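Every position in the sequence shown, counted from 1, becomes a number in my numbering once 6 is added.
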Amino acid sequence: MRQLLAWTLAAAAALAAAPTAPTARPDCPRLTTSWHGDNRARLQRVIDARGTCSGHTGAVAAFDWDNTVTKNDITDATLSWALRHDRLPRPARWKDTSAWLTEAADRALTAACGTGAGAPLRTSAEPRCTDEILEIRENATTMSGAPAFAGHWNHRRTVPQYAWVPQLFAGRTPAELASYARAARREALAAPVGATRVLGTHTVPAYVRPYGQMRDLIRTLHRAGFRVYVVSAGAEPITEVWSQGVGVDAAHTIAIRPVLDRRGRITTRDEGCGGVPATRGAVIPYIDGKRCWINQEVYGVRGAAAWQRQPWRRRPALAAGDADTDVTFVGDATGAHLVIDRGKPELMCRAYDDADGRWLVNPMFIDPLPRRTTPYPCSSTAWTAPDGTPGPLLRPDGSVVPDQAGRTP
């Protein structure tokens, strides 16, 4: 009972501390597209309260990219294009591409793709090679089902198969990778909604679409004086190509940043955050890593403090995501936590628990999921510990989030 009372008082204090929306003037920037339920009105209240309508500028809005701003994954679209056009460089040893690649994965990739630096992989004519790469990217296993990654990593700071994609392009320049992303973007935007293609034995999406509602939201936020950022667990040269299409420039785009060699070429190392130096993928914008990168790059917080939740004025006013990888930074937002429902347990448990009354859940704008028929396992396995073990999801006061039923669409 005391824990519940403490949590209720804390939530009430947070609500009292936040600015309230003024009566909207006719010249306030307005959202123009349709949203689920009252989400448009609630987003508009945040825009009015924290933007130019109430005399403010400089509030931050932060968006995940893949399946939040767009339908489908732009890193996967670029990898698909590169595989079909023989743009991946052949590594001298597959083991060199990731700090966690297993012997089984090394053997499978060597058998299917070969080794020997200097020549591109001929994946367009080698479906076995394409299959092994896609299976490792999608499921972290080889085509035979063996684990592709093993060892120790912080499961709230990285996931090896996400870090692996930029590492596959080691030896290329960021400009070359961006050119692949532009070609993939043209192709994905031209493909009809619902289109797929077969690569090896894998069927993958052939199209990507920016959501019109997200374009309108980002445009309205800009007009209202917000600083809008994209924070993604994809490769930064790829994400920058796409984010510019919705008006977010490279300076406001945060993703995996490869370390370059003396010739300006991508290496298998990437930049660090929160006092962690450059590594081979140990710290990327993933779960708690997204908070770290926002704190460091947006608010200038350095060292270990970047991993911690910051005071109210050093947190985004609005944050949006679709997956568990987004849960920490979306939860940090002070005005609205916008969730695109893809059925991811930790994020949906937080959203439906709605501890501060500011969580907004919206179905996907294209091909929304059916309503979940069983509760999310919030009280048992929804949270992932740094060592990868599942456990119950806790509120800030230590109480357990009860299992939550799906409520959208």
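Note that beta-carbon positions come from the ideal geometry of N, C-alpha and C, so glycine has one too.
Values in this document were obtained by computation on a predicted structure and should not be read as measured data.
| request: Check the DSSP bridge columns for Thr390 and list the partner residues they point to. | output: Pro396
| Exposed unless 16 or more other CB atoms sit within 10 angstroms - verdict on Arg269 | exposed
| Are the CB atoms of Asp330 and Leu353 nearer to each other than 8 Å? | yes
| task | State buried or exposed for Leu1, treating a residue as buried only when at least 16 other CB atoms are found within 10 Å of its CB. | result | Here the chain covers residues 7 to 415 and nothing more, so residue 1 does not appear.
| What's the C-alpha gap between Leu366 and Pro351? | 15 Å
| Would DSSP call Val52 helix, strand or coil? | Collapsing the DSSP output to three states places Val52 in a helix.
| request: Can you check DSSP and say which residues form a bridge with Thr204? | output: According to the sequence shown, residue 204 is Val rather than Thr. Answer is Thr209, bridged to Val204.
| N-terminal and C-terminal residue of the beta strand (DSSP E) that Asn368 is part of | 365–369
| Val199: buried (16+ other C-beta within 10 angstroms of its C-beta) or exposed? | Classification for Val199: exposed.
| query | In whole angstroms, what separates the C-alpha of Ala181 from that of Leu266? | reply | 12 Å
| message | Spatial neighbours of Ala284 within its chain, please: C-beta separation below 8 Å, excluding the five flanking residues on both sides. | response | So the list reads Val265, Arg275, Asp276, Glu277, Gly278, once near-sequence residues are dropped.
| request: Within 10 angstroms of the Cβ of His208, are there 16 or more other Cβ atoms? Answer buried if so, exposed if not. | output: Counting Cβ neighbours within 10 Å, His208 comes out buried, since at least 16 surround it.
| Ala230 and Tyr213 look like a contact to me (Cβ under 8 Å); what is the Cβ gap, rounded to whole Å? | That belief does not hold up - the Cβ atoms of Ala230 and Tyr213 are roughly 31 Å apart, past 8 Å.
| request: Taking all protein chains shown into account, decide if Thr38 is buried (16 or more other Cβ within 10 angstroms of its Cβ) or exposed. | output: exposed
| query | When we look at the beta-carbon of Leu400 and count the other beta-carbons within 10 Å, is it buried (16 or more) or exposed? | reply | exposed
| task | Quick one: residues in its chain with C-beta nearer than 7 Å to the C-beta of Tyr168, no 5 flanking neighbours on either side, listed in chain order? | result | Ala239, Ile290, Tyr292
| request: Kindly give me the distance between the Cβ atoms of Ala312 and Gly280, rounded to whole angstroms, as I take these residues to be in contact under 8 Å. | output: 4 Å
| request: Figure out for me which residue from Arg233, Val282, Arg191 has the closest Cα to the Cα of Pro243. | output: Arg191
| field | 4-residue-minimum alpha helix (DSSP H) runs that sit fully inside the stretch 68–108, ordered along the chain | value | Listed in chain order, the complete alpha helix (DSSP H) runs (minimum 4 residues) inside the stretch 68–108 are 80–90.
| Considering only C-alpha positions, which residue in the set Tyr358, Thr395, Pro376, Leu375 is nearest to Val407? | Ranked by Cα distance from Val407, the options Tyr358, Thr395, Pro376, Leu375 are led by Tyr358.
| said: When you compare the CB of Gly363 with every CB in chain C, is at least one pair closer than 8 Å? | reply: No chain C is part of this structure, which consists of one protein chain only.
| query | Would a C-beta distance cut-off of 8 Å place Thr369 and Pro415 closer than the cut-off? | reply | At residue 369 the sequence reads Pro, which differs from the Thr that was named. For Pro369 and Pro415, yes; Cβs fall inside 8 Å.
| task | Could you tell me which of Glu303, Thr164, Ala88 sits nearest to Ala391, measuring between CA atoms? | result | Thr164
| request: Report the three-state DSSP secondary structure of Gly251 (helix, strand or coil). | output: helix
| Simplified DSSP state of Ile291, which is helix, strand or coil | First, the residue type needs correcting, since residue 291 is Pro and not Ile in the sequence shown. Reduced to three states, the DSSP call for Pro291 is coil.
| message | Tell me the rounded alpha-carbon separation between Thr84 and Ala65. | response | 32 Å
| query | By the 10 Å Cβ neighbour count, where 16 or more other Cβ atoms means buried, how is Glu144 classified, buried or exposed? | reply | exposed
| task | Could you tell me how far apart the beta carbons of Arg96 and Ala55 are, in whole angstroms, since I believe they sit closer than 8 Å? | result | Not really, about 54 Å apart at Cβ, beyond 8 Å.
| field | Range of the contiguous beta strand (DSSP E) that encloses Asp276 | value | 272–276
| query | Secondary structure at Ala23, three-state DSSP: helix, strand or coil? | reply | Residue placement at Ala23 is flagged as unreliable, the pLDDT there being 46, under the threshold of 50; a coordinate-derived value is accordingly withheld.
| message | Here's a check: name, in chain order, each residue in its chain whose Cβ is nearer than 8 Å to the Cβ of Arg320, leaving out the five neighbours to either side. | response | Asn301, Tyr305, Val307
| task | Mark Pro28 as exposed unless 16 or more other C-beta atoms lie within 10 angstroms of its C-beta, in which case mark it buried. | result | Per-residue confidence for Pro28 stands at a pLDDT of 46, beneath the threshold of 50, marking its modelled position as unreliable; no derived number is given.
| said: Report the CB separation of Val252 from Ile272 in whole angstroms; it is logged as a contact under 8 Å. | reply: Not confirmed; about 25 Å, so no contact.
| task | Could you tell me the boundaries of the beta strand (DSSP E) in which His42 lies? | result | That residue, His42, is in no beta strand (DSSP E); it is neither H nor E in DSSP.
| query | Excluding sequence positions up to five away, which residues of its chain have a Cβ less than 6 Å from the Cβ of Thr58? | reply | Ala230, Gly231
| query | By the 10 Å Cβ neighbour count, where 16 or more other Cβ atoms means buried, how is Ala196 classified, buried or exposed? | reply | exposed
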